[in-house]
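S.K.: This is the structure, below, for whatever I ask next.
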Amino acid sequence: MTLQNKRILITRPNEQADSLCELISNHGGVSVRFPTIKIQPIDKTDKLIKCFDEISKYDFIIFISRNAVKITIDHFIDNIDVFRDTQIIAIGPGTAEELATRSLTDIICPGSQTDSKALLDLKEMQSNKITNKQILIIRGTGGRELLADSLETRGANINYVEVYKRCLPEYGEHEVGNAWHKKKPDVVVVTSNEILNNLISLLSDDKKKLFSTPLVTMSERIAERARKEGFISKIGVAREQNDDGILAGLLELVED
């Protein structure tokens, strides 16, 4: 199976796109980079500093994304040894991979899924394991509350810290025109609802074409959101929630 010179619009941040772009290239496709979200560390606050100073008090630390790992360690932690005596949990394989690059390998991960439900299904997250335990959730601003609420219901004491914010990139007409009108992508890849929303906002003057362009999403939840927003094109879903899964979804879509 091949992507046969298909032009694939990649909407995730550039620093997270290299591996996927390489896979696409290896299968005959052409990546068109058009990040619709920008990740920025938040400013240090007294609350943030205090939280990381007291990190050893937590029984579990849950990282919600690659960005949570990268920004925490690069901007807020002086020595990763502070994590050695705490059980670290990654929301999914991408986050686990980012932890491994920082020499943090003694972690728990739900497997190929990247969502709160899969994490909540872990045996380590059941009531008999976490009642009265201290759990820290590290995430970006505006995260969903499902995970924290569910863990509290099971008896855990939850705190969370937000270490980054997501911003809408600023593009001029030329940049939008080059990525969308000149390069004319055949397929769009979207890996989060926020990326989808920003894409629609940035291409608001050409929604008809956008909504008619085939789409590959990271999850069925994002696919459903795209349909509600107005997409009438074919929508594929990643086979697994990682770059290989996205590639499989792309190959399946173009072969269909």
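At position 25 of the sequence shown (counting the first as 1) the number is 25 in this note's numbering, and the numbers step up by one without a gap. Glycine included, each C-beta is placed from N, C-alpha and C at the ideal position. Since the structure is predicted, the reported quantities are computational estimates derived from the model, not experimental observations.
Would the beta-carbon of R102 fall within 9 Å of that of I80?
M.R.: Along the sequence shown, one-based indexing puts residue 102 at 102. Along the sequence shown, one-based indexing puts residue 80 at 80. It is a contact, given that the beta carbons lie within the stated cut-off.
S.K.: Within 10 angstroms of the Cβ of S25, are there 16 or more other Cβ atoms? Answer buried if so, exposed if not.
M.R.: Taking the first residue of the sequence shown as position 1, residue 25 is located at position 25. Exposed, because fewer than 16 other Cβ atoms sit within 10 Å of the Cβ of S25.
S.K.: Return the residue from the list G142, A118, R154 that minimises the CA-CA distance to N128.
M.R.: Mapped onto the sequence shown, residue 128 falls at position 128. The residue with the shortest Cα to Cα distance from N128 is R154.
S.K.: Suppose the cutoff is 8 Å on Cβ atoms and the five residues either side in sequence are ignored; what does the same chain contact list for V216 look like?
M.R.: One-based indexing of the sequence shown puts residue 216 at position 216. Cβ neighbours of V216 beyond the five flanking positions: V187, V188, V189, V190, I235, G236, V237, A238, I246, G249, L250, L253.
S.K.: What would DSSP say about P169, mapped onto helix, strand or coil?
M.R.: For the purposes of this step, residue 169 is identified with residue 169 of the sequence shown, where counting begins at 1. DSSP places P169 in the coil class of the three-state scheme, outside both helix and strand.
S.K.: Does the region 6-25 come close enough to the region 141-161 that 3 or more CB-CB pairs lie under 8 Å?
M.R.: No contact exists between the region 141-161 and the region 6-25.
S.K.: Sorted by chain position, which residues of the same chain lie with C-beta nearer than 7 Å to P41's C-beta, five sequence neighbours on each side aside?
M.R.: Within the sequence shown, residue 41 is the residue found at index 41, counting from 1. Hits under 7 Å: I71, H75, V163, Y164.
S.K.: Count the other CB atoms within 10 Å of the CB of Q126; is the residue buried (16 or more) or exposed (fewer)?
M.R.: Here residue 126 corresponds to residue number 126 of the sequence shown, with the count starting at 1. Q126 counts as exposed, since fewer than 16 other C-beta atoms from the protein chains shown sit within 10 angstroms of its C-beta.
S.K.: Excluding five sequence neighbours on each side, which residues of the same chain lie with their C-beta closer than 6 Å to the C-beta of L168?
M.R.: Taking the first residue of the sequence shown as 1, we reach residue 168 at position 168. Around L168: N198.
S.K.: So L20 and D243 are supposed to be a Cβ contact under 8 Å. How far apart are they, rounded?
M.R.: Translated into positions along the sequence shown, residue 20 becomes position 20. Translated into positions along the sequence shown, residue 243 becomes position 243. So it is a contact: roughly 5 Å between Cβ atoms.
S.K.: If you check the beta carbons only, do I158 and F63 fall under 9 Å apart?
M.R.: Working through the sequence shown from its first residue, we reach residue 158 at position 158. Working through the sequence shown from its first residue, we reach residue 63 at position 63. Result no, Cβ atoms of I158 and F63 do not sit closer than 9 Å.
S.K.: Helix, strand or coil for S31? Go by DSSP, reduced to three states.
M.R.: Residue mapping note: residue 31 aligns to position 31 of the sequence shown, counting from 1. The answer is strand: DSSP assigns S31 an E or B state.
S.K.: In the DSSP assignment, find the unbroken alpha helix (DSSP H) run with T101 in it and report its ends.
M.R.: Here residue 101 refers to the residue found at position 101 when the sequence shown is read from its first residue. Note, T101: alpha helix (DSSP H), 93-101.
S.K.: What is the DSSP secondary structure of F76, reduced to helix, strand or coil?
M.R.: As a position in the sequence shown, residue 76 is number 76, starting the count at 1. Reduced to three states, the DSSP call for F76 is helix.
S.K.: Would you call G172 buried or exposed, if buried means 16 or more other Cβ atoms sit within 10 Å of its Cβ?
M.R.: Taking the sequence shown and counting its residues from 1, the one referred to as residue 172 is at position 172. It is exposed - the Cβ of G172 has fewer than 16 other Cβ atoms within 10 Å.
S.K.: Does the Cβ of N67 have 16 or more other Cβ atoms within 10 Å, making it buried, or fewer, making it exposed?
M.R.: For the purposes of this step, residue 67 is taken as residue 67 along the sequence shown, with counting starting at 1. N67 should be labelled buried.
S.K.: Checking the sheet assignment: what are the DSSP bridge partners for R227?
M.R.: In the sequence shown, the residue the question calls residue 227 occupies position 227. Answer by DSSP bridge pairing: none, since R227 is not bridged.
S.K.: Helix, strand or coil: how does DSSP classify N157 here?
M.R.: Here the question's residue 157 lines up with position 157 in the sequence shown. Strand at N157.
S.K.: According to DSSP, what are the bridge partners of K38?
M.R.: For this step, residue 38 is matched to residue 38 along the sequence shown. For K38, which the question treats as bridged, DSSP gives the partners C167.
S.K.: Tell me which residue opens and which closes the alpha helix (DSSP H) that A68 is part of.
M.R.: Start at 1 with the first residue of the sequence shown, and residue 68 comes out as number 68. First-last of the alpha helix (DSSP H) with A68: 66-71.
S.K.: For my contact list, I88 and I73 are in at a C-beta cut-off of 8 Å; report their separation, rounded to the angstrom.
M.R.: Position 88 of the sequence shown holds residue 88. Position 73 of the sequence shown holds residue 73. With 8 Å as the limit, I88 and I73 do not qualify as a contact, their Cβ atoms being about 12 Å apart.
S.K.: Between N193 and I222, is the Cβ-Cβ spacing less than 9 Å?
M.R.: Stepping through the sequence shown from its first residue, residue 193 is reached at position 193. Stepping through the sequence shown from its first residue, residue 222 is reached at position 222. Cβ atoms of N193 and I222: closer than 9 Å.
S.K.: Taking the beta strand (DSSP E) that G249 falls in, what are its first and last residues?
M.R.: As a working note, residue 249 is residue 249 in the sequence shown. Here G249 belongs to no beta strand (DSSP E); instead the alpha helix (DSSP H) covers 243-255.
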